Amino acid sequence: MTATKKAQGSRQLNAEEEARYQEFAAWAETADIGPDARITKAAEPEAGRSLLEAALGSPEEVRRAVGKPSLSAKGTSPSRSLRLPADMDAQLVEQAKKEHRKPSAIIRDALVEYLTKAS
Numbered sequence: 860m861t862a863t864k865k866a867q868g869s870r871q872l873n874a875e876e877e878a879r880y881q882e883f884a885a886w887a888e889t890a891d892i893g894p895d896a897r898i899t900k901a902a903e904p905e906a907g908r909s910l911l912e913a914a915l916g917s918p919e920e921v922r923r924a925v926g927k928p929s930l931s932a933k934g935t936s937p938s939r940s941l942r943l944p945a946d947m948d949a950q951l952v953e954q955a956k957k958e959h960r961k962p963s964a965i966i967r968d969a970l971v972e973y974l975t976k977a978s
């Protein structure tokens with residue numbers, strides 16, 4: 860297959876898109892990032908967007924490349940981070956494999972059930 864398939868389903872890239880992806884891949888592989896560089900999560904949700912827009916060419920391309928659709932009606936879905944005991948995480952991962960689902964989907968469903976019962 861000559862054209863790269865991307866996360867946009869099975870749609871193949873045209874020659875212009877393929878060239879742009881190849882150029883971006885070359886940039887990513889040769890970027891001058893020192894061995895002591897620390898890459899951290901930014902405080903602002905939009906930090907780094909200008910870098911992505913410069914690399915990908917437009918805000919629309921950034922939205923397409925970032926991928927994950929919002930779980931909310933519009934805008935960015937709120938995100939929560941939590942820590943789990945190792946045994947609970949192992950159970951979650953195992954259950955997700957059995958159900959062919961992502962662990963985050965199981966966590967969301969469990970939270971919906973809990974909040975429904977609690978109210």
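Residue numbering for the sequence shown follows our numbering, beginning at 860 and increasing consecutively. Ideal Cβ positions, reconstructed from N, Cα and C, are used throughout, including at glycine. Because the structure is a prediction, the values reported are computed rather than measured.
Within the continuous alpha helix (DSSP H) that includes residue i, where are the two ends?
{"i": "K900", "result": "Neither: K900 is in no alpha helix (DSSP H) and is coded neither H nor E."}
{"i": "D891", "result": "That residue, D891, is in no alpha helix (DSSP H); it is neither H nor E in DSSP."}
{"i": "T982", "result": "Because the chain in this structure spans residues 860 to 978, residue 982 falls outside the shown range and cannot be described."}
Do you know how far the Cα of residue j is from the Cα of residue i?
{"i": "G907", "j": "D891", "result": "17 Å"}
{"i": "R942", "j": "D948", "result": "9 Å"}
{"i": "P944", "j": "Q881", "result": "41 Å"}
{"i": "R879", "j": "G916", "result": "9 Å"}
{"i": "P928", "j": "G934", "result": "9 Å"}
{"i": "E876", "j": "R923", "result": "13 Å"}
{"i": "A884", "j": "R967", "result": "34 Å"}
{"i": "V921", "j": "A896", "result": "24 Å"}
{"i": "R939", "j": "S978", "result": "21 Å"}
What three-state label does DSSP hand residue i in the structure shown?
{"i": "E905", "result": "coil"}
{"i": "D946", "result": "helix"}
{"i": "L941", "result": "coil"}
{"i": "L915", "result": "helix"}
{"i": "L910", "result": "helix"}
{"i": "K927", "result": "coil"}
{"i": "K957", "result": "helix"}
{"i": "A878", "result": "helix"}
{"i": "T932", "result": "One detail in the question is off: residue 932 reads as Ala in this sequence, not Thr. Looking at A932 - three-state DSSP - the assignment turns out to be coil, as it is neither helix nor strand."}
Among residues of its own chain, excluding the 5 on either side of residue i, which ones have a beta-carbon nearer than 7 Å to its beta-carbon?
{"i": "Q954", "result": "I965"}
Take residue i and list the residues in its own chain whose beta-carbon comes closer than 8 Å to its own, dropping the five residues that flank it on each side.
{"i": "L951", "result": "L943, P962, I965 and I966"}
{"i": "S931", "result": "P937"}
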